[in-house]
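Residue numbers (the numbering used here): 190 to 564.
Built from N, CA and C at the ideal position, the CB exists for glycine as well.
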Amino acid sequence: MTTTTAPDPANTNPIPTPTLPAPDIVRCASMELVVTDLAASRAFYVDVLGLHVTEEEDEVIYLRSFEEFIHHNLVLRKGPVAAVAAFSYRVRTPEDVDRAEAWFQELGCRTERRRDGFVKGLGDSVRVQDPLGFPYEFFHEVEHVERLHMRYDLYSAGELVRLDHFNQVTPDVPRGRAYLESLGFRVTEDIKDDQGVTYAAWMHRKGTVHDTALTGGDGPRMHHVAFSTHEKHNIIQICDKLGALRMSDHIERGPGRHGVSNAFYLYITDPDGHRVEIYTQDYWTGDPDNPVITWDVHDNQRRDWWGNPVVPSWYTEASPVLDLDGNVVETVARTDSSEMEVTIGADGFSYTRAGDEDGTYRGEAAKGFKLGNQL
Numbered sequence: 190m191t192t193t194t195a196p197d198p199a200n201t202n203p204i205p206t207p208t209l210p211a212p213d214i215v216r217c218a219s220m221e222l223v224v225t226d227l228a229a230s231r232a233f234y235v236d237v238l239g240l241h242v243t244e245e246e247d248e249v250i251y252l253r254s255f256e257e258f259i260h261h262n263l264v265l266r267k268g269p270v271a272a273v274a275a276f277s278y279r280v281r282t283p284e285d286v287d288r289a290e291a292w293f294q295e296l297g298c299r300t301e302r303r304r305d306g307f308v309k310g311l312g313d314s315v316r317v318q319d320p321l322g323f324p325y326e327f328f329h330e331v332e333h334v335e336r337l338h339m340r341y342d343l344y345s346a347g348e349l350v351r352l353d354h355f356n357q358v359t360p361d362v363p364r365g366r367a368y369l370e371s372l373g374f375r376v377t378e379d380i381k382d383d384q385g386v387t388y389a390a391w392m393h394r395k396g397t398v399h400d401t402a403l404t405g406g407d408g409p410r411m412h413h414v415a416f417s418t419h420e421k422h423n424i425i426q427i428c429d430k431l432g433a434l435r436m437s438d439h440i441e442r443g444p445g446r447h448g449v450s451n452a453f454y455l456y457i458t459d460p461d462g463h464r465v466e467i468y469t470q471d472y473w474t475g476d477p478d479n480p481v482i483t484w485d486v487h488d489n490q491r492r493d494w495w496g497n498p499v500v501p502s503w504y505t506e507a508s509p510v511l512d513l514d515g516n517v518v519e520t521v522a523r524t525d526s527s528e529m530e531v532t533i534g535a536d537g538f539s540y541t542r543a544g545d546e547d548g549t550y551r552g553e554a555a556k557g558f559k560l561g562n563q564l
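Right, dumping it as C-alpha cells:
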C-alpha cells in the first residue's frame with residue numbers, strides 16, 4: 190500500500206457538480222431495511238446482536254446502538270421484498286436539509302420532503318433517489334432518547350455501540366467517487382490495478398475511515414451496513430454466541446483484520462440475507478491532509494491483513510434498493526474488471542495474478558500464495 194497520486198481514468202459519463210452549496214453532512218446515522226419476517230428479524234437484531242428497541246409497532250421496529258442518543262440507527266419495516274429503503278445521514282443544521290433538497294434538485298434527481306419525517310423520531314427530512322440510484326435521506330431534527338453508554342447493567346459481551354458505515358455496490362466507482370466528493374465526502378483508501386481500474390473506494394465525513402464505501406459491481410445495491418464494537422473480543426463473543434445458538438451459518442466471512450481500514454471485522458447475514466458487518470478499531474482520518482492509501486487489487490492482504498481468501502458470495506451477493514415509491518431499482522451491470530475474477534481462482538482461494546503459476550511477474554509470489562503487489 191502507498192499514498193496515491195495517480196488520478197482515476199477519465200469518466201465517460203460524469204455527474205455534474207451543482208452550483209449550489211452542498212449540505213454539511215455530519216455522519217451516517219441510520220438505515221431503513223425492509224424485511225419479510227419482522228419477528229425473525231427482531232430475534233436476530235435484538236436477541237442475538239443486542240440492539241436496543243426504542244419503539245415498535247405491528248409492522249416496524251426502531252433500534253439503536255448502545256451509545257446512540259437519537260431515536261434510532263436501524264429501522265426494520267415489514268414488506269414483500271427484502272431491500273433497503275433509505276441510507277440516512279444527519280446534517281449539521283436545519284438549513285442543510287434545504288441545501289440537500291436544492292442540491293439534488295439541481296442535479297435533476299427526484300426528491301420528496303416531509304416536515305414531520307418519513308419515520309418516527311426524525312423531523313424535517315428530505316429523501317432523494319441519487320444519481321447512482323440509491324435512496325438517500327437527509328435530516329437534522331431528531332428526538333433524543335436515553336443514551337445507554339453508562340448502562341453497564343445492559344452492556345452485553347458483544348455490545349454494538351455505534352453505527353459506523355454503509356457500503357454501496359455501484360458499477361462505476363470513479364463516477365460515484367467524484368459525485369460523493371462533490372457532496373463533501375473525502376476518500377481515505379481505494380483499490381486499483383496498474384491499468385488504472387478502480388475496484389473500490391472508502392469515503393468519510395465523520396473522521397473515521399468511512400461513512401460509506403463504494404464497491405464495484407452490479408448496482409445500485411447495498412453491500413452491507415456496519416456497527417462498531419469497543420474491542421476485538423466483542424466480535425469474538427458474537428461468533429461464540431452464534432455458534433452456541435447453532436447459527437454459525439449466518440457467519441459469512443471472518444473474524445479477521447482488514448488491510449483496508451486496518452479494522453477488525455466480521456460479516457454476518459440476517460434472516461433475509463442483508464449483510465451486516467461488525468467492525469472495530471480503525472483509525473483517525475479527520476486531518477485536512479490525511480493521505481489516501483491505495484492498494485493493488487492483487488495484494489491479498491488488502492481485504493484481509495492475514496491473507497485469508499475472500500468468499501465469492503461476498504462479491505456477488507447484495508441487497509436491492511428501493512426508489513421513493515417503494516419499487517426495486519433496476520441494477521446496471523459493471524463493465525470494468527471484476528475484483529473477484531482477477532483475485533479468486535476456481536477453487537475459491539485468493540491468488541496474486543491469474544496465469545502466474547511460477548511467480549515470475551515482477552518476482553512476486555506464485556498463484557496461490559498470500560502475497561501481493563503494492564502500488
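Going by DSSP, GLU528 is part of the alpha helix (DSSP H) stretching over 528–532. Going by DSSP, THR505 is part of the alpha helix (DSSP H) stretching over 501–505. Fully enclosed beta strand (DSSP E) runs of no fewer than 3 residues occupy 241–245, 249–253, 263–267 and 272–280 of the region 218–283, in order along the chain. Looking at the DSSP output, PHE328 bridges to ARG279 and SER314.
Following the DSSP letters along the chain, one finds TYR388 in no alpha helix (DSSP H) but inside the beta strand (DSSP E) bounded by residues 387–393. Annotation for SER417: the continuous beta strand (DSSP E) segment containing it runs 410–417.
No Cβ-Cβ contact shorter than 7 Å links TYR251 with PHE327. SER219 and LEU263 do touch by the CB rule: their CB atoms are close to 7 Å apart, below 8 Å. Contact check for VAL518 against ASP512 passes: the beta carbons are separated by less than 7 Å. Only exposed fits MET339, as fewer than 16 other CB atoms lie within 10 angstroms of its CB.
For the beta strand (DSSP E) assignment, the uninterrupted runs of no fewer than 3 residues enclosed by the region 335–396 are, from N- to C-terminal side, 351–359, 375–381 and 387–393. With contacts defined by Cβ atoms closer than 7 Å, VAL465 and GLY408 do not form a contacting pair.
Taking the CA atoms as reference points, VAL223 sits about 13 Å from ALA229. The shortest CA-to-CA distance from SER526 to any of ARG281, TYR341, GLY406 and GLU348 is the one to GLY406. Burial check for MET436: the Cβ neighbour count within 10 Å stays below 16, so the residue is exposed. For ALA535, there is no enclosing alpha helix (DSSP H), as DSSP gives it neither H nor E. Ranked by how close their Cα comes to the Cα of THR282, the residues ALA211, ASP429 and THR206 have ALA211 in first place. With a cut-off of 8 Å on Cβ pairs, the region 377–390 is in contact with the region 469–486, counting three or more such pairs. Beta bridge pairing from DSSP links GLU420 with no other residue.
The residues MET529, in chain order, have a CB closer than 6 Å to that of TYR504 in the same chain once the five nearest residues on each side in sequence are set aside. SER502 places its beta carbon 7 Å or farther from that of HIS463. Around ARG446, the same chain offers PHE453 and TRP494 as residues with beta carbons nearer than 6 Å, after the five sequence neighbours per side are excluded. Note on geometry: alpha-carbon atoms of ASP485 and THR474 lie some 21 Å from one another. For GLU441, the uninterrupted beta strand (DSSP E) run begins and ends at 440–446, by DSSP. A distance of 7 Å or more separates the beta carbons of LYS267 and GLU245.
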